[in-house]
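Undergrad: This is the structure, below, for whatever I ask next.
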Amino acid sequence: MSRGRLRILSAIGIGCYALAAIVGFFVLADHRGHGLLVPLWIAHGVLLAVLLTKLCADQTGLSAALLVVGASLAAVYIADLARDDLTLERRGERITATVVRDWPAPDRGREADTYDYALARRDGTRLPGPSLQAASGSFAVGQTVTVLADPEGVLRPRLPGDADATGDVLGVGACALIALGLVAATGRRGATVARRREERARVEEQEHTLREALRTASADDHGIVEVHPAHYPDVPHRRAAGIAGELGLEPADEPGSWRFRR
Numbered sequence: 001m002s003r004g005r006l007r008i009l010s011a012i013g014i015g016c017y018a019l020a021a022i023v024g025f026f027v028l029a030d031h032r033g034h035g036l037l038v039p040l041w042i043a044h045g046v047l048l049a050v051l052l053t054k055l056c057a058d059q060t061g062l063s064a065a066l067l068v069v070g071a072s073l074a075a076v077y078i079a080d081l082a083r084d085d086l087t088l089e090r091r092g093e094r095i096t097a098t099v100v101r102d103w104p105a106p107d108r109g110r111e112a113d114t115y116d117y118a119l120a121r122r123d124g125t126r127l128p129g130p131s132l133q134a135a136s137g138s139f140a141v142g143q144t145v146t147v148l149a150d151p152e153g154v155l156r157p158r159l160p161g162d163a164d165a166t167g168d169v170l171g172v173g174a175c176a177l178i179a180l181g182l183v184a185a186t187g188r189r190g191a192t193v194a195r196r197r198e199e200r201a202r203v204e205e206q207e208h209t210l211r212e213a214l215r216t217a218s219a220d221d222h223g224i225v226e227v228h229p230a231h232y233p234d235v236p237h238r239r240a241a242g243i244a245g246e247l248g249l250e251p252a253d254e255p256g257s258w259r260f261r262r
């Protein structure tokens, strides 16, 4: 297998790993505390740094790894924010309820006008789970409101229009595409760096061969040493003349000729 094809397959594998990591951390975020997630993120970043540095063939792989981890973190964060909305869209029930009580939300933070609204069904039974949360004055006691409620009583009820996670899903997709784009760009840069190294090594080998040929070649009756440029396709004439000058040879009279006089 050629090195170019192997590099492409490596980039595809790293991209698949980055996507799998996003999904895995999204799943773990719902079941594990930060005490486990933080070292896992660190290990993930170190592994990406090693893989991308090898793929890129220089130290820019470390910067690429940091950017991929940042995009992955953003994707997981947005996905975690959308988790409740997605779950509520999947299993929620549309219920027409009545507001029976309201009070300032204890976890409102800086949003001082956020209120909790207790809801009850038409038969008077309270909706299970947390109360509806909205801005102060959004609803009045006794008002009828249609909500999307969790039948298991785990998630907070939401207005049907507020439970749309389309924007968050698009955001997660954008972050994932950014991560994949960074991996692809790193692989492309690695291919460029590897190609330049191969070209430089080839030129150095040809220059070494030319130097040895000039050093050991026998001059003709006029003191001329001639070499064939076809043997050194990557060495320009100016560089060949410079190597000849290093060995004490002078260019022959013909401009551009690969003939040198001792």
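The sequence shown begins at 1 in my numbering and counts up one residue at a time.
We put the beta carbon where it would ideally sit given N, CA and C, even for glycine.
The structure presented is a predicted model; accordingly, all values stated were derived computationally and were not measured.
1) I'd like the span of the alpha helix (DSSP H) that includes V227, first residue to last.
2) Going by the CB atoms, is the gap between A165 and D85 shorter than 8 Å?
3) Please confirm whether P157 and L119 have their CB atoms less than 8 Å apart.
4) If you draw a straight line from the alpha carbon of I243 to that of R215, how long is it in whole angstroms?
5) With a threshold of 6 Å on Cβ separation, who are the neighbours of R211 within its own chain once the five nearest residues in sequence on each side are excluded?
6) Cβ atoms of L180 and G264: under 8 Å apart, would you say?
7) Taking 8 Å as the threshold (C-beta atoms), are A191 and R5 in contact?
8) Which ranges would you report for the beta strand (DSSP E) in the segment 68-109 if only whole runs of at least 3 residues count?
9) Would you mind working out which of V154, R200, D80 and E250 sits nearest V235, comparing C-alpha positions?
10) Between the segment 34-46 and the segment 220-236, are three or more C-beta pairs nearer than 8 Å?
11) L170 to L51, Cα distance in whole Å?
12) Between R101 and E93, what straight-line distance do the alpha-carbon atoms span, to the nearest angstrom?
13) Within the same chain, show all residues whose beta-carbon is closer than 6 Å to that of T146, passing over the 5 residues directly before and after it, in chain order.
14) Tell me whether A134 is buried or exposed, calling it buried when 16 or more other Cβ atoms sit within 10 Å of its Cβ.
15) Starting from D168, trace the alpha helix (DSSP H) in both directions and tell me its first and last residue.
TA: Taking the definition as stated:
1) Here residue 227 is taken as the residue at index 227 of the sequence shown, counted from 1. Where V227 is concerned, there is no enclosing alpha helix (DSSP H), given that its DSSP letter is neither H nor E.
2) As a working mapping, residue 85 is identified with position 85 in the sequence shown. As a working mapping, residue 165 is identified with position 165 in the sequence shown. Pairing D85 with A165 gives a Cβ-Cβ distance under 8 Å.
3) Residue mapping note: residue 157 aligns to position 157 of the sequence shown, counting from 1. Residue mapping note: residue 119 aligns to position 119 of the sequence shown, counting from 1. In this structure, L119 lies closer than 8 Å to P157 by Cβ.
4) Here the question's residue 243 lines up with position 243 in the sequence shown. Here the question's residue 215 lines up with position 215 in the sequence shown. Rounded to whole angstroms, I243 to R215 spans 10 Å at the Cα level.
5) Within the sequence shown, numbered from 1, the residue matching residue 211 stands at position 211. Hits under 6 Å: I243.
6) The first residue shown for the chain is 1 and the last is 262, placing residue 264 beyond what the model contains.
7) For the purposes of this step, residue 5 is taken as residue 5 along the sequence shown, with counting starting at 1. For the purposes of this step, residue 191 is taken as residue 191 along the sequence shown, with counting starting at 1. Result no, Cβ atoms of R5 and A191 do not sit closer than 8 Å.
8) 93-104
9) Walking along the sequence shown from the start, residue 235 turns up at place 235. Checking every option, the nearest Cα to that of V235 belongs to R200.
10) no
11) Counted from its first residue, the sequence shown places residue 170 at position 170. Counted from its first residue, the sequence shown places residue 51 at position 51. L170 and L51: Cα-Cα distance of roughly 28 Å.
12) Within the sequence shown, numbered from 1, the residue matching residue 101 stands at position 101. Within the sequence shown, numbered from 1, the residue matching residue 93 stands at position 93. Straight-line Cα distance between these residues: approximately 21 Å.
13) Position 146 of the sequence shown holds residue 146. Taking C-beta separations shorter than 6 Å and ignoring five residues to either side along the sequence, the partners of T146 in its chain run T96, following chain order.
14) As a working note, residue 134 is residue 134 in the sequence shown. A residue is called buried once 16 or more other Cβ atoms fall within 10 Å of its Cβ, and A134 is buried on that count.
15) Taking the sequence shown and counting its residues from 1, one reaches residue 168 at position 168. Start and end: T166 to T216.
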